[in-house]
Amino acid sequence: MANTYSQIYIQLIFAVKGRERLIRDEYRVRLEKYITGIIENHHQKLLAVYANPDHIHILIGYNNLNVLLPNLVRDIKSNSSKLINDENWFTGKFHWQEGYGAFSYSKSQIDSVIKYILNQKKHHEKQSFKEEYIEFLTKFEIDYKNEYVFEFYDD
6 MANTYSQIYI
16 QLIFAVKGRE
26 RLIRDEYRVR
36 LEKYITGIIE
46 NHHQKLLAVY
56 ANPDHIHILI
66 GYNNLNVLLP
76 NLVRDIKSNS
86 SKLINDENWF
96 TGKFHWQEGY
106 GAFSYSKSQI
116 DSVIKYILNQ
126 KKHHEKQSFK
136 EEYIEFLTKF
146 EIDYKNEYVF
156 EFYDD
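With the sequence shown counted from 1, adding 5 to any position gets you the numbering used here.
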């Protein structure tokens, strides 16, 4: 689109189906690099990504408005699932859960969001993913129903 400019920062969060801890640390960097390629192929700017064993955080500069956000997320999820399954990272079939969270930020918040994402391992020593995700929904004042939030199982 000629003369169309945007500066939108979005953090995406989605979980492994059933919140199983299937993303092992030895595969984490491979998955993150693969997802980086998917995002770049959609002409978006990756600012940070961290794959936890049971969920992932991705911060993008959403600057190609011709790419619909749901389509970008669909492609990230389907192509990364295909990678994991094709390379047999574990016995069984890998799937991401349906749905995702998308949270927007201002330019002044980007450095702290990047630090937050890259510090996930330490962060989750103190807070579960469920607590974290509910906190996001609350902080961003998103009305939600427990039955429609990611599948959470008591540990």
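Yeah, the Cβ is synthetic: ideal placement off N, Cα and C, and Gly gets one too.
Alpha carbon to alpha carbon, how far is residue j from residue i? Give it in angstroms, no decimals.
i, j, result
"leucine 77", "glutamate 130", "30 Å"
"tyrosine 149", "threonine 9", "33 Å"
"asparagine 68", "serine 11", "6 Å"
Run through DSSP, which three-state label would residue i get?
i, result
"serine 117", "helix"
"lysine 50", "strand"
"serine 86", "helix"
"leucine 77", "helix"
"phenylalanine 145", "coil"
"tyrosine 110", "strand"
"asparagine 124", "coil"
Pull up the DSSP beta-bridge partners for residue i, would you.
i, result
"valine 21", "Trp101"
"glutamine 132", "Answer is none; glutamine 132 lacks a bridge partner."
"leucine 64", "Gln16, Ala53"
Using the Cβ count rule (16 or more neighbours within 10 Å means buried), how would you classify residue i?
i, result
"valine 21", "buried"
"isoleucine 147", "exposed"
"serine 111", "exposed"
"aspartate 59", "buried"
"glutamine 114", "exposed"
Open item on the list: Check whether the region 29-47 and the region 129-144 touch, using three or more Cβ-Cβ pairs below 8 Å as the test.
Closed with: no
TODO: Give a yes or no on contact between the region 91-103 and the region 44-53, applying the rule of three or more CB pairs nearer than 8 Å.
DONE: no
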